[in-house]
Each structure stands twice: as C-alpha cells, then as structure tokens.
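Numbering follows our numbering, with no gaps: position 108 of the sequence shown is 108. Below is one structure, written out as structure tokens, with a few remarks after it.
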Amino acid sequence: MAKSLTKEENILLTLINAFKDDENSKRIYLNDFMKSIGEDFIKDNKLKNKLLLEFFEKLIKVKYEIKRIKKEIKEFPPQFNIFDSINLLNHENYNSNLFANFLDIKFKHNENEIGFAKLFLKYLNEEFGWEFDLENIKIKDIEIKRELPTEERKRIDIFIGYKKEFAIIIENKIWAEDGYKQLENYYNHVKSQEYDKIYIIYLTPYEREPSEESLSKELYKEKGSKLYGKFANIKHAEIGYWLEGILKRQEFSFLNNEEENNKYNYKLLKSALIQIIDNEKSISGENEEGDMTEAEIKKVLNENLFKEIKTVDEAQEYIDMFNKAKSLLVKEKITIIIKKCLKFTKEINKYIKAKGYKEGKDYTLLTDKEIINKTEAGADAHHIDFIKDNIKLSLENNSNHRILLWNILQWKR
Numbered sequence: 001m002a003k004s005l006t007k008e009e010n011i012l013l014t015l016i017n018a019f020k021d022d023e024n025s026k027r028i029y030l031n032d033f034m035k036s037i038g039e040d041f042i043k044d045n046k047l048k049n050k051l052l053l054e055f056f057e058k059l060i061k062v063k064y065e066i067k068r069i070k071k072e073i074k075e076f077p078p079q080f081n082i083f084d085s086i087n088l089l090n091h092e093n094y095n096s097n098l099f100a101n102f103l104d105i106k107f108k109h110n111e112n113e114i115g116f117a118k119l120f121l122k123y124l125n126e127e128f129g130w131e132f133d134l135e136n137i138k139i140k141d142i143e144i145k146r147e148l149p150t151e152e153r154k155r156i157d158i159f160i161g162y163k164k165e166f167a168i169i170i171e172n173k174i175w176a177e178d179g180y181k182q183l184e185n186y187y188n189h190v191k192s193q194e195y196d197k198i199y200i201i202y203l204t205p206y207e208r209e210p211s212e213e214s215l216s217k218e219l220y221k222e223k224g225s226k227l228y229g230k231f232a233n234i235k236h237a238e239i240g241y242w243l244e245g246i247l248k249r250q251e252f253s254f255l256n257n258e259e260e261n262n263k264y265n266y267k268l269l270k271s272a273l274i275q276i277i278d279n280e281k282s283i284s285g286e287n288e289e290g291d292m293t294e295a296e297i298k299k300v301l302n303e304n305l306f307k308e309i310k311t312v313d314e315a316q317e318y319i320d321m322f323n324k325a326k327s328l329l330v331k332e333k334i335t336i337i338i339k340k341c342l343k344f345t346k347e348i349n350k351y352i353k354a355k356g357y358k359e360g361k362d363y364t365l366l367t368d369k370e371i372i373n374k375t376e377a378g379a380d381a382h383h384i385d386f387i388k389d390n391i392k393l394s395l396e397n398n399s400n401h402r403i404l405l406w407n408i409l410q411w412k413r
C-alpha cells in the first residue's frame, strides 16, 4: 500500500507540477514564436527576391528601349573619345598619369597665376570642408607625385603635398581590388613623414568604399578616429563635372576667346580639358549616352522598386543585391575579354611543345581557371613563363585585361 503524502508534500508536488506546466507552456510558446519569426523571415525574403527578379526582368526589357535611345544618339554630332578608341579608358595607370599630370599644370594669364592643383584644393574645401589656407598657398610649392613608394614596397597612386602642412593620398581604383592593408599602409607611410594633416581620396567609378582589409571603417567613419572627416569617396564623373564647371568660369573665358586662342594657342589646353571631362564621365557611365540610359533605368526603378523601399536598411539590402549582380556581370565581361587571350595562349603552348620544350622544365603554364581568377582579382596574369638559358620571357595579360604581351623578365649576359 502506497504511503500517503503529508499536507506539505502535497503542496510541494502541486507547485512542482504547476512549474512544469508553466515551463512547458513557455517552451511551446517560444517554439511557436521562433517558428513564426522564421516563417516571416522566409516569407519576407521570398517576397524581396520575387520583387527583385521581377525588377530585373523589367530592367532587361529596358535594354530594348536603350537600343531605341542609341538610334537617337546616332543623330547627335559624333562623340569621339580618344582614350576609349585606343583601349585606355579604364586603364588605371594611364588614368592616374593623366590626372596627376593635369594637376601639375601651372601657367600665367594676364598676370594671374593658374594652377589646377590649387583649384582642386579649392574644390575639396568647398565639397568636403577640408581646411586649406588657400589664400597663402603658393602654387609652385604644391608637390604632385606619381607612384610614391612606401617602406612596404607599395606605391601611392597620386600624392599631393604642401610643405609639411598637409598631404593628400589619392587611390585610383577602376578595375583592381584593394590590397591587404593597402590604404592603412599608405596612411602610416605619409604619417611617418610628419605632415600636420593627412587626407585620403578613394577615386572609383561609382563611389564604392574601400574593403575592410584595406582600411577599417573604424579609422574613417567613427567620430574621433584619425581619418574622420578626412576621407572622401569621389567618383570619376565628379572630376568631370568639376572640370566642366572650371570651363564655365569667367576667369577661364580666355579658353573660348578665338582671338586669344590664336595669339597664345590655348586650343590644346581646352581640347585636353574637354577630353578629360568626357573620359572621367565615361568611366562612371555618365557621358551623354550614359545620361539617357540612366533616365530609363530611373523610370523603371520609380515604377517598380522605390515605392517598396521604406527604410535605410531596406535600401541597403537592395544595394547589396545589385552589387552582387554587378559583380557577376563584371566577371562575365572579363571572361568574354579573356577568352581570346586563352585561345592565343593555347596556340603558343602548342607551338612551344612542337619545338621540343617541356612544360614544368622549360616553361610554366597557368590553367584557364588560374588565369581567369588572377584577372578577376585585378592582377597581371602570367599565362606562360618561358625560361631558356639566361632569358626569362613572360606571356601575360595586364590588369586592364585587354592587352596580351610578351615581357622580358630576366636577361643575363
């Protein structure tokens, strides 16, 4: 016969059972709640993905509208870009040379000293509030350098310095990705030169930010950080618009004066400015043709996507999705460009083998995948490194992807 429970034991047992029931209820509620969140999350993402897919379908249809626009563009006066016609539009090194040499231009007109570097400083002051003592800056003392070397064997694309008062680091990124701690290394190198103020400009086609590996956001986005208020994303088109504004200024009216042009021959300077303006806007897809295309895309965005975006986070989600789509398109473009190079490499490999040379012994050969991966990363890809006696030749495509060339890497007598 079971032992009967005391009054106190019965109360305790009742409390334990009530606690268990309560815990089970909580657990069931929590499970249902989490399940609900998961279902809502999946439903929300499915809706966003569906919306985005529908948008892309409509955007692809815009392609046909763009074809119509291009027909209209043919009725415009001929649009001829020298840099694009010789495949140098998106070449970072040549573009950096162009911009650095342009900034270094200085001359006198009617006793007025003109220097594009100082005008650029004025632009940065007006646009970003960077403080320069513009009234006292002497044009002749502004230093412009290309590929300034650092201790870690890296090179700063463009460097602007004024005595020890300030320094500006310009990193030009069109195709290539950032290197590990690249911008941080540049900053530390310039800091070691004891400049009072250091600024960084990240120059890209579409105002993209540097990677976390190159420069942590903590170093330029957080208040009180060493580069807070001293870092700027500038897209190439902005350089074009800035120069366009210069051409319209009264102080540069002499460039449009036929009499002065004939007397002092400013035609080449004006022509160069016009070409640089078009080049910079073209890199960002904002030349005349790009403007018309943008209007059509904006129309589709207004009709199909903008009305769905209510918060900053939602906007960022779509930006991330578009960036992924853009990344895939860029990779596909590189693959198309590189296909001809791969075919040529195979022909060279076949020829070398026919001459009795052995892969691994006389030369090294990258696989197609290795070549594509290196090219996508913005690196020079050595398709073939051929070693014979004291000569080392390399068949490589440069970081602009369009040029396949032989380089002599080593020559010993």
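All C-beta atoms in this analysis are idealised placements derived from N, C-alpha and C, irrespective of residue type, glycine included.
Exercise. How is the alpha helix (DSSP H) around Y318 delimited, first residue to last?
Worked result: In the sequence shown, the residue the question calls residue 318 occupies position 318. Residues V312 to A354.
Problem set entry | Any 3 or more C-beta pairs closer than 8 Å across the region 275 to 288 and the region 236 to 245 | yes
For this session: Kindly confirm or deny that the region 161 to 173 and the region 196 to 208 touch, where touching means at least three C-beta pairs closer than 8 Å.
Result: With the rule of 3 Cβ pairs closer than 8 Å, the region 161 to 173 counts as touching the region 196 to 208.
Problem set entry | D320 versus R208: straight-line alpha-carbon distance, rounded | Here the question's residue 320 lines up with position 320 in the sequence shown. Here the question's residue 208 lines up with position 208 in the sequence shown. For D320 and R208, the distance between alpha carbons rounds to 12 Å.
Exercise. Which of the three DSSP states, helix, strand or coil, is assigned to K270?
Worked result: Taking the first residue of the sequence shown as 1, we reach residue 270 at position 270. Three-state DSSP puts K270 in a helix.
For this session: Leaving out five residues on either side along the sequence, give the residues of the same chain with a beta carbon under 8 Å from the beta carbon of E222.
Result: Here the question's residue 222 lines up with position 222 in the sequence shown. Closer than 8 Å at Cβ, skipping near neighbours: Y228.
Problem set entry | Nearest-angstrom beta carbon gap, K226 and L215 [assumed within contact, 8 Å] | Translated into the one-based positions of the sequence shown, residue 215 becomes position 215. Translated into the one-based positions of the sequence shown, residue 226 becomes position 226. Rounded, the Cβ-Cβ distance is 11 Å, inconsistent with contact.
Exercise. So what does DSSP say about L393, is it helix, strand or coil?
Worked result: What you label residue 393 is simply residue 393 of the sequence shown in a count that begins at 1. Strand at L393.
Problem set entry | Residues that DSSP places opposite L208 in a beta bridge | Taking the sequence shown and counting its residues from 1, one reaches residue 208 at position 208. The amino acid occupying residue 208 in the given sequence is Arg; Leu does not appear at that position. Partner(s): none; R208 has no beta bridge.
Problem set entry | Any non-hydrogen atom of the ligand GTP closer than 7 Å to E143 Cβ | The ligand content of the structure shown is nil, which means the ligand GTP is not present either.
Exercise. Just the Cα atoms here: how many angstroms apart are L329 and K343?
Worked result: In the sequence shown, residue 329 corresponds to position 329, counting from 1. In the sequence shown, residue 343 corresponds to position 343, counting from 1. The straight-line gap from Cα to Cα measures roughly 22 Å.
For this session: Identify, in the order they occur along the chain, each residue of the same chain with its Cβ nearer than 8 Å to the Cβ of E184, setting aside the five sequence neighbours on each side.
Result: Mapped onto the sequence shown, residue 184 falls at position 184. Hits under 8 Å: S214, L215, S216 and L219.
Exercise. Going by beta carbon distance, what residues of the same chain come within less than 6 Å of L461, once the five residues before and after it are set aside?
Worked result: No answer is possible for residue 461: it lies beyond the span of the chain, which begins at 1 and ends at 413.
Exercise. Is the distance from the Cβ of F132 to the Cβ of N125 below 8 Å?
Worked result: Along the sequence shown, read from residue 1 onward, the residue named residue 132 stands at position 132. Along the sequence shown, read from residue 1 onward, the residue named residue 125 stands at position 125. Yes.
Exercise. Looking only at its own chain, which residues have a Cβ that is under 8 Å from the Cβ of K353, when we skip the five neighbours before and after it?
Worked result: Numbered from 1 along the sequence shown, position 353 holds the residue referred to as residue 353. Same-chain partners within the cutoff: E359.
Exercise. Among residues of its own chain, excluding the 5 on either side of P210, which ones have a beta-carbon nearer than 7 Å to its beta-carbon?
Worked result: Your numbering for residue 210 matches position 210 in the sequence shown. Only D178, L183 and Y202 meet the Cβ criterion.
For this session: Compare the C-alpha of K361 against each of K392, G224 and A232 and name the closest.
Result: Residue 361 sits at position 361 when you count from the first residue of the sequence shown. That would be K392, whose Cα lies nearest to the Cα of K361.
Exercise. Can you tell me the Cα-Cα spacing of L119 and E194, whole angstroms?
Worked result: For the purposes of this step, residue 119 is taken as the residue at position 119 of the sequence shown. For the purposes of this step, residue 194 is taken as the residue at position 194 of the sequence shown. Answer to the nearest angstrom: the Cα atoms are 25 Å apart.
For this session: Jot down the residue ranges of each uninterrupted alpha helix (DSSP H) in the region 118 to 204, minimum 4 residues, whole runs only, in chain order.
Result: Here the runs fully enclosed are 182 to 191.
Exercise. Between which two residues does the alpha helix (DSSP H) containing I246 stretch?
Worked result: Within the sequence shown, the letter at position 246 stands for residue 246. Note, I246: alpha helix (DSSP H), H236 to K248.
Exercise. Are the CB atoms of I139 and E113 nearer to each other than 8 Å?
Worked result: The count along the sequence shown starts at 1 and reaches residue 139 at position 139. The count along the sequence shown starts at 1 and reaches residue 113 at position 113. In this structure, E113 lies closer than 8 Å to I139 by Cβ.
Problem set entry | Collapsed DSSP secondary structure at N110 in the structure displayed | The residue labelled residue 110 in the question sits at position 110 within the sequence shown. N110: coil per DSSP, three-state reduction.
Exercise. Which residues in the same chain have their Cβ closer than 8 Å to the Cβ of D40, if we skip the five residues on either side of it in sequence?
Worked result: Locating residue 40 in the sequence shown gives position 40, where the first residue counts as 1. With a pLDDT of 49 at D40, under the threshold of 50, the predicted position of this residue should be treated as unreliable, though the coordinate-derived value follows. Excluding sequence neighbours, D40 sits near nothing in its chain.
Exercise. Who are A381's beta bridge partners in DSSP?
Worked result: As a working mapping, residue 381 is identified with position 381 in the sequence shown. Partner(s): N397.
For this session: Report yes if the CB atom of I168 is closer than 8 Å to the CB atom of Y199, and no otherwise.
Result: Working through the sequence shown from its first residue, we reach residue 168 at position 168. Working through the sequence shown from its first residue, we reach residue 199 at position 199. Yes, they are a contact pair.
Exercise. Whose CA, out of I336, E251, K270 and S327, lies closest to the CA of H109?
Worked result: Locating residue 109 in the sequence shown gives position 109, where the first residue counts as 1. Considering only alpha carbons, the answer is E251.
Problem set entry | Host beta strand (DSSP E) of L365 (start-end) | By 1-based counting over the sequence shown, the position of residue 365 is 365. Run containing L365: Y363 to L365, per the beta strand (DSSP E) assignment.
For this session: Name the one or two DSSP bridge partners that A100 has.
Result: On the sequence shown, residue 100 is found 100 positions in, with the first residue counted as 1. Paired residues: none, contrary to the question.
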